[in-house]
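Inspection log for the structure reproduced underneath, given as structure tokens.
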Amino acid sequence: MRVVIVTESFPPDVNGVAHCALQTARHLVDRGHAPLVVAPATAAGHGPDALAPCPVVRVPSLPLPGYPQVRVALPSRRVAAAITEHRADIVHLASPFILGVRGMAAAARLGVPAVAVYQTDLAGYARTYVGAGEATAWRRIRSVHAAADRTLAPSSAALHDLEAHGVPRVRLWPRGVDTVRFRPEHRDEALRRELAPNGELIVGYVGRLAPEKQVELLAGACGLEGVRVVIVGDGPSETSLREALPGAVFLGRRTGDELARIFASLDVFAHTGPFETFCQTVQEAMASGVPVVAPAAGGPLDLVAHGRTGLLVPPRDEVAVHDAVGALAADPALRAAYGAAGRATVEGRTWAAVGDQLIDHYADVLTARTVVAA
Numbered sequence: 024m025r026v027v028i029v030t031e032s033f034p035p036d037v038n039g040v041a042h043c044a045l046q047t048a049r050h051l052v053d054r055g056h057a058p059l060v061v062a063p064a065t066a067a068g069h070g071p072d073a074l075a076p077c078p079v080v081r082v083p084s085l086p087l088p089g090y091p092q093v094r095v096a097l098p099s100r101r102v103a104a105a106i107t108e109h110r111a112d113i114v115h116l117a118s119p120f121i122l123g124v125r126g127m128a129a130a131a132r133l134g135v136p137a138v139a140v141y142q143t144d145l146a147g148y149a150r151t152y153v154g155a156g157e158a159t160a161w162r163r164i165r166s167v168h169a170a171a172d173r174t175l176a177p178s179s180a181a182l183h184d185l186e187a188h189g190v191p192r193v194r195l196w197p198r199g200v201d202t203v204r205f206r207p208e209h210r211d212e213a214l215r216r217e218l219a220p221n222g223e224l225i226v227g228y229v230g231r232l233a234p235e236k237q238v239e240l241l242a243g244a245c246g247l248e249g250v251r252v253v254i255v256g257d258g259p260s261e262t263s264l265r266e267a268l269p270g271a272v273f274l275g276r277r278t279g280d281e282l283a284r285i286f287a288s289l290d291v292f293a294h295t296g297p298f299e300t301f302c303q304t305v306q307e308a309m310a311s312g313v314p315v316v317a318p319a320a321g322g323p324l325d326l327v328a329h330g331r332t333g334l335l336v337p338p339r340d341e342v343a344v345h346d347a348v349g350a351l352a353a354d355p356a357l358r359a360a361y362g363a364a365g366r367a368t369v370e371g372r373t374w375a376a377v378g379d380q381l382i383d384h385y386a387d388v389l390t391a392r393t394v395v396a397a
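Counting from 24, one number per residue, gives the positions in the sequence shown under my numbering.
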């Protein structure tokens, strides 16, 4: 198959949309297909996309006001041209919102089937950043996804939300995890001594530092005796979080093998954001053999087996986060049991396995189009 992946973000960006788009392109190449990526240009322009497994077409972009790490694509004819020149059999829209909308319009105009992958809770973001606009965000989501031949939701909660708001033709497609890179054997005692020189139990958060992630809910955990909170990531909330989380260690953005070593060196992984459609970092923590504390909302509901691989807590509840971290901090045997069960749970969730599921979705869509045409 010849596939054009139109994505709102792509490496060197570090986020779930970019990572999933990269893994999708890699898997398609591995299976003998021919992908092409269309993505916004990076902040410093762009040279060759050295890490990309396939050609990448970059579209001019501007930074999102107030959040310069996020780039917004400008109007461009490159999207339609790329679909035409690549002779696409199918268009894959990764978290379509701006660039993806143009990709959907171009695919429809050219008669090319499209699969839209839902990855971002725009309605939740509207509540967080604007305090309103949730209904408008859902109208936008419904309009974009209703035009696709199929929408793929990453979790049961996301699928339910989409169907409840009138999005048709929704199917479940979860995310994979690199179980070779993320594994318990990468635990690094020297790193642990550096992060917690007095032998403290290390509780980590990995992700964007932005209002919707509600990382400030770890403030109570910072006050636990014998606990050191470690924050990995960057974003617009970093300054305020440094004030809100006294004693926490901020490591900035980390990637690749270095990130895997940090994950495996944690004693507890804590995620706080209630708007996750999937939550890839939870899977990476589980693959690393680390017990998880996460909100009982969105993607973590599918990932964390409460009382077996970690603890689910009410969303936006700092006391519940404090109590869950405290319970795990006090019980090494429980942490070990949850960590081992988490690793066992994700061992079959490789990118190859979920990539093959994606190819099956493509094949279903192409077959349906053929039947209609006949």
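Where is the CB? At the ideal position from N, CA and C, for every residue including glycine. Owing to the predicted nature of the structure, the values given are computational and were not obtained by experimental measurement.
What is the DSSP secondary structure of residue i, counted as helix, strand or coil?
| i | result |
| --- | --- |
| Val-348 | helix |
| Leu-320 | One detail in the question is off: residue 320 reads as Ala in this sequence, not Leu. Reduced to three states, the DSSP call for Ala-320 is coil. |
| Ala-57 | strand |
| Ala-293 | strand |
| Tyr-141 | coil |
| Pro-86 | strand |
| Ile-113 | strand |
| Arg-100 | coil |
| Ile-121 | coil |
| Val-190 | coil |
| Val-327 | coil |
| Val-388 | helix |
| Gly-126 | helix |
| Val-52 | helix |
| Leu-74 | coil |
| Thr-107 | helix |
Among residues of its own chain, excluding the 5 on either side of residue i, which ones have a beta-carbon nearer than 6 Å to its beta-carbon?
| i | result |
| --- | --- |
| Ala-375 | none |
| Arg-231 | Gly-256 and Gly-258 |
| Glu-341 | Leu-240 and Gly-243 |
| Ile-254 | Tyr-228, Ala-271 and Phe-273 |
| Pro-323 | Cys-302, Val-305 and Ala-317 |
Using a Cβ-Cβ cut-off of 8 Å (strictly less than) and excluding sequence neighbours within five positions of residue i, which residues of its own chain qualify?
| i | result |
| --- | --- |
| His-384 | Val-138, Arg-173, Leu-175, Arg-194 and Trp-196 |
| Arg-405 | Outside the shown range of the chain, which is 24 to 397, sits residue 405, and nothing can be said about it. |
| Thr-47 | Ile-28, Pro-58, His-115, Ala-117, Gly-378 and Leu-381 |
| Leu-214 | Arg-284, Ile-285 and Ser-288 |
| Arg-276 | Val-37, Val-255, Gly-256 and Asp-257 |
| Phe-120 | Glu-31, Thr-143, Leu-145, Arg-163 and Val-167 |
Decide if residue i is buried, meaning its Cβ has at least 16 other Cβ atoms within 10 Å, or exposed.
| i | result |
| --- | --- |
| Ala-219 | buried |
| Ala-96 | buried |
| Asn-221 | exposed |
| Leu-51 | buried |
Sorted by chain position, which residues of the same chain lie with C-beta nearer than 7 Å to residue i's C-beta, five sequence neighbours on each side aside?
| i | result |
| --- | --- |
| Ala-171 | Leu-116, Met-127, Ala-137, Val-138 and Ala-139 |
| His-109 | Arg-25, Val-27 and Leu-59 |
| Arg-125 | Val-102 |
Give, in chain order, every unbroken run of the alpha helix (DSSP H) that is at least 4 residues long and sits entirely within the stretch 200 to 276. Runs found: 212 to 218, 242 to 245 and 261 to 267.
With three or more C-beta pairs closer than 8 Å as the rule, is the stretch 159 to 174 touching the stretch 325 to 342? Too few Cβ pairs lie closer than 8 Å, so no.
Validate contact between the stretch 278 to 286 and the stretch 204 to 214 using beta carbons, cut 8 Å, 3 pairs: At 8 Å Cβ cutoff, the stretches touch.
Whether or not the stretch 263 to 271 and the stretch 285 to 292 are in contact is what I'm after, with contact meaning three or more pairs of Cβ atoms, one per stretch, closer than 8 Å; do they touch? Taking 8 Å as the limit for Cβ pairs, the verdict is that the stretch 263 to 271 does not touch the stretch 285 to 292.
Could you check whether the stretch 359 to 376 touches the stretch 178 to 191, counting it as contact only if at least three pairs of C-beta atoms, one from each stretch, sit closer than 8 Å? In short, these stretches do not touch, since the Cβ pair count stays below three.
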